[in-house]
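Below is one structure, written out as structure tokens; the observations come after it.
Numbering (my numbering), first residue to last: 277 to 546.
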């Protein structure tokens with residue numbers, strides 16, 4: 277491999293668990309410095325996250341990245357121009373069909389469009405992810421949701437992990453233009469079909485004259501798998517599962533110890 281400094285032109289970062297400890301709303305001084313140093317070294321900085329406009333808070337102001345890829349790849353915001361340069365959303369009628377089939381006391385829905393997140397009755401809003409952004413959450417009203425600009429559906433419940441196969445089968449059997457793109461013990465993210473952080477990074481890097489062969493990517497969770505695999509230099513955080521570590525080029529310390537900053541320093545990219 278050539279000198280990494282000659283290859284890497286773009287750097288993509290998941291947020292939660294990668295450059296920000298879960299529950300925190302302020303980035304460390306080193307992480308803020310990281311983005312400043314990338315800019316100084318002419319490396320394009322990209323946030324690639326499950327977060328969208330109702331949960332990003334003031335993170336763009338804190339870090340000042342060049343691009344924000346949100347909702348696991350559903351849109352790209354050019355942060356320097358404050359302009360959407362790409363978006364793909366889900367169809368409202370298809371979302372309703374999924375809701376009608378699976379909504380229950382133990383399968384709650386949060387449906388997120390470009391403006392807000394709409395939650396079903398009994399959804400637990402007292403979480404580290406939602407609490408700081410509660411003003412962007414409204415009770416579910418399908419009449420308020422913007423058709424074809426629905427970026428992500430979040431299903432939650434204590435037994436939700438047992439329903440993954442059933443939900444996946446329903447989506448496929450009904451030919452819905454969506455898919456499960458991430459799961460964890462008490463939740464599921466559903467987004468537009470064939471859209472991942474990696475597929476949207478590929479689109480963005482090409483748009484700005486590069487490719488994933490010029491990309492370093494950092495992540496820790498299942499929705500980071502493809503971008504770590506497909507980047508020329510994929511970095512898994514120490515907390516990541518072995519499935520992710522096994523396809524990564526490298527591993528770094530967790531965000532509590534400024535692992536992304538230290539790895540970029542070690543690689544002489546900042």
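We put the beta carbon where it would ideally sit given N, CA and C, even for glycine.
- Below 8 Å, too few C-beta pairs join the stretch 375-392 and the stretch 503-522 to call them touching: fewer than three.
- Per the DSSP secondary-structure output, residue 383 pairs in a beta bridge with 380.
- Across the structure, residue 435 and residue 462 are spaced so that their CA atoms are roughly 7 Å apart.
- The beta carbon of residue 313 is closer than 7 Å to those of 546 in its chain, skipping five residues each way along the sequence.
- Shortest Cα-Cα distance from residue 308 to any of 340, 468, 386 and 523 involves 340.
- Taken atom to atom, the span from the alpha-carbon of residue 384 to that of residue 324 is near 25 Å.
- Taking the C-beta atoms as reference points, residue 425 is found nearer than 7 Å to residue 365.
- Looking from the CA of residue 395, the closest CA among 428, 367, 369 and 370 belongs to 428.
- The distance from the Cβ of residue 490 to that of residue 286 is about 6 Å, consistent with a contact at the 8 Å cut-off.
- For the options 543, 351, 530 and 537, the alpha carbon positioned closest to that of residue 297 is the one of 530.
- Judged by their CB atoms, residue 469 and residue 453 are nearer to each other than the 7 Å cut-off.
- Comparing alpha carbon positions, the residue from 359, 349, 536 and 495 closest to residue 519 is 495.
- If you ignore the 5 residues before and after residue 433, its C-beta comes within less than 7 Å of the C-beta of 382, 383, 384 and 462, all in its own chain and listed in chain order.
- In this structure, DSSP gives residue 498 a helical state, which the three-state scheme calls helix.
- In this structure, residue 311 keeps its C-beta atom at 7 Å or more from the C-beta atom of residue 304.
- Across the structure, residue 408 and residue 333 are spaced so that their CA atoms are roughly 8 Å apart.
- Around residue 293, the same chain offers 496, 497, 513, 515 and 531 as residues with beta carbons nearer than 7 Å, after the five sequence neighbours per side are excluded.
- Annotation: the continuous beta strand (DSSP E) that includes residue 320 extends over 320-324.
- Judged by beta-carbon spacing, residue 455 lies beyond the 7 Å limit of residue 474, meaning their Cβ atoms are not closer than that value.
- With a contact defined as Cβ atoms closer than 8 Å, residue 464 and residue 440 qualify at about 6 Å.
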